[in-house]
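Read in order, the letters of the sequence shown correspond to residues 11 to 339 in our numbering.
Even glycine gets a Cβ: it sits at the ideal position worked out from N, Cα and C.
Since this is a predicted model, take the numbers as computed values, not measurements.
Report on one structure; see the data block that follows.
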Amino acid sequence: GVDTFHLSMDTSEAQPWGRIDGIYSQTRDITDVSVIVLQEALAELPNVGKVDVTQTNEDHVSMAYFIVTFRDVYGEYPLLAASDPSITISRNEGQFSATEIQTITMSVDKPFIYEVQSISISSDDVSFNLSFKSGPRTNSIPCSFSSIVEAREAVSSLEGELNALPDLKVRVDTVVSGTGVEIDPWKFRITFIEPVGPLPLLNSDNADIMQEVQGESTMAGSVVLSYEGEYTDDIAFDASAKDIKDKLEMLNTIEEVNVRKNDKYTGFQWVVSFTGNAGNLPLVVAHNNVFEIQSIETTGGQPTPLGGTFTLSYLSEETGPISFDSSAE
Numbered sequence: 011g012v013d014t015f016h017l018s019m020d021t022s023e024a025q026p027w028g029r030i031d032g033i034y035s036q037t038r039d040i041t042d043v044s045v046i047v048l049q050e051a052l053a054e055l056p057n058v059g060k061v062d063v064t065q066t067n068e069d070h071v072s073m074a075y076f077i078v079t080f081r082d083v084y085g086e087y088p089l090l091a092a093s094d095p096s097i098t099i100s101r102n103e104g105q106f107s108a109t110e111i112q113t114i115t116m117s118v119d120k121p122f123i124y125e126v127q128s129i130s131i132s133s134d135d136v137s138f139n140l141s142f143k144s145g146p147r148t149n150s151i152p153c154s155f156s157s158i159v160e161a162r163e164a165v166s167s168l169e170g171e172l173n174a175l176p177d178l179k180v181r182v183d184t185v186v187s188g189t190g191v192e193i194d195p196w197k198f199r200i201t202f203i204e205p206v207g208p209l210p211l212l213n214s215d216n217a218d219i220m221q222e223v224q225g226e227s228t229m230a231g232s233v234v235l236s237y238e239g240e241y242t243d244d245i246a247f248d249a250s251a252k253d254i255k256d257k258l259e260m261l262n263t264i265e266e267v268n269v270r271k272n273d274k275y276t277g278f279q280w281v282v283s284f285t286g287n288a289g290n291l292p293l294v295v296a297h298n299n300v301f302e303i304q305s306i307e308t309t310g311g312q313p314t315p316l317g318g319t320f321t322l323s324y325l326s327e328e329t330g331p332i333s334f335d336s337s338a339e
């Protein structure tokens, strides 16, 4: 039997059915498992929320079978994990929580041409780092490879370091060329998935960077989204999933969403799961306009204090008197 174990929930974005800004959390050690003990332990996990726990085979002497129902979760969610491999966790009859899912798609007729840059580095340099635009640098990346096999094995770590940089998504070619000497250095090819279009070269302390294919995109501009009468700010055409999530959750009419971004090669698609609103929901509406922002400022007050009222006019219309200290509403 199982003496002591703990449960964990990893809702980080890298997990299947994970969430943007998701976290890893773990219960205390559990002994003498029961419905109450499980319910209290799971209640400690901030990314689980309220659960109901029931036991379906209380009379069984060698096995306990529990059903955990997530009350605060809408939509697909990662599985709980147990520290003891003898504990099996699965979806009850493969059941996912239902939620509203909507898609937002922006595309053009001409496919993207993805920017390709090469990184050339000698084994004598021992290591190198990279940065994009004026952003942070990667960790130090070893490059003192003794063979082409070792150089190829470094592809996944190089790709991981670059994808950890903000606002950057790349693919590193698994084909590595060169012998690592100064006249024939190791050469890695980097394809930029995001952002699209012509891009500045990566920066490096030791590696040489060259452009092999200039990126091109006929898509540009921004979009405004609305939901039940409330409007977002302008959103860039290539906004990240987190950008879309943050903009939508600023609306008073939306509690919480999870967003996945898909590259459609002629544009982008954002899949929006409503994880805080239940039921058959209205559609998010996209608008191809850009909001103009104008400011109104009252000045003065020295030496005479401000007071009185003012009016505003637009085209042929004019407001009534507005107090000098009115709120934005």
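Span of the alpha helix (DSSP H) around residue i
{"i": "Lys252", "result": "251-259"}
{"i": "Leu52", "result": "45-52"}
Assumed close pair residue i, residue j - CB separation to whole angstroms, cut-off 8 Å
{"i": "Val165", "j": "Val182", "result": "5 Å"}
{"i": "Ile303", "j": "Phe320", "result": "Actually they are not in contact, since the Cβ atoms of Ile303 and Phe320 sit about 20 Å apart, beyond 8 Å."}
{"i": "Lys271", "j": "Ser250", "result": "7 Å"}
{"i": "Asn149", "j": "Glu163", "result": "The Cβ separation is near 17 Å, so there is no contact."}
Continuous beta strand (DSSP E) stretch holding residue i: start and end
{"i": "Gly317", "result": "Element bounds for Gly317: n/a, residue is neither H nor E."}
{"i": "Arg147", "result": "Premise fails: Arg147 is in no beta strand (DSSP E) and is neither H nor E."}
{"i": "Asn173", "result": "Element bounds for Asn173: not the beta strand (DSSP E) but the alpha helix (DSSP H), 165-173."}
{"i": "Gln36", "result": "34-36"}
{"i": "Ile123", "result": "From DSSP, Ile123 is part of no beta strand (DSSP E); its letter is neither H nor E."}
{"i": "Gly277", "result": "277-284"}
{"i": "Val234", "result": "232-237"}
{"i": "Arg181", "result": "179-182"}
Backbone CA spacing between residue i and residue j [nearest angstrom]
{"i": "Ser167", "j": "Asp31", "result": "23 Å"}
{"i": "Thr79", "j": "Ala51", "result": "14 Å"}
{"i": "Thr308", "j": "Phe334", "result": "7 Å"}
{"i": "Gln312", "j": "Gly318", "result": "15 Å"}
{"i": "Asn213", "j": "Phe76", "result": "54 Å"}
{"i": "Ala230", "j": "Thr64", "result": "53 Å"}
{"i": "Glu110", "j": "Met19", "result": "23 Å"}
{"i": "Ser72", "j": "Gly286", "result": "39 Å"}
{"i": "Val282", "j": "Val269", "result": "5 Å"}
{"i": "Val61", "j": "Ile114", "result": "32 Å"}
{"i": "Thr189", "j": "Gln25", "result": "37 Å"}
DSSP-derived helix/strand/coil call for residue i
{"i": "Val206", "result": "coil"}
{"i": "Arg270", "result": "strand"}
{"i": "Val159", "result": "helix"}
{"i": "Asn213", "result": "strand"}
{"i": "Asp62", "result": "strand"}
{"i": "Asp244", "result": "coil"}
{"i": "Ser128", "result": "strand"}
{"i": "Glu222", "result": "strand"}
{"i": "Asp20", "result": "strand"}
{"i": "Asp94", "result": "coil"}
{"i": "Asp134", "result": "helix"}
{"i": "Glu302", "result": "coil"}
{"i": "Glu307", "result": "coil"}
{"i": "Glu339", "result": "coil"}
{"i": "Glu265", "result": "coil"}
{"i": "Glu110", "result": "coil"}
(request) Would you check if the segment 14-29 and the segment 40-51 touch, i.e. whether three or more CB-CB distances between them fall below 8 Å? (result) Segments in contact, yes.
(request) Count the CB pairs spanning the segment 220-237 and the segment 260-277 that are closer than 8 Å, and state whether there are at least three. (result) Yes, the segment 220-237 touches the segment 260-277.
(request) State whether the segment 219-230 contacts the segment 112-126, with contact taken as three or more CB pairs (one from each stretch) at a distance under 8 Å. (result) With the cut-off at 8 Å, the segment 219-230 and the segment 112-126 touch.
(request) Take every Cβ of the segment 194-205, pair it with every Cβ of the segment 87-103, and state whether three or more of those distances are shorter than 8 Å. (result) Contact between the segment 194-205 and the segment 87-103 is absent: fewer than three C-beta pairs spanning the two stretches fall below 8 Å.
(message) Would the segment 85-98 count as touching the segment 288-295 if we require 3 or more Cβ pairs under 8 Å?
(response) Taking 8 Å as the limit for Cβ pairs, the verdict is that the segment 288-295 does not touch the segment 85-98.
(message) For the segment 245-261 against the segment 126-141, do three or more pairs of beta-carbon atoms, one drawn from each stretch, fall closer than 8 Å, so that the two count as touching?
(response) No: the two stretches stay apart, fewer than three of their Cβ pairs being nearer than 8 Å.
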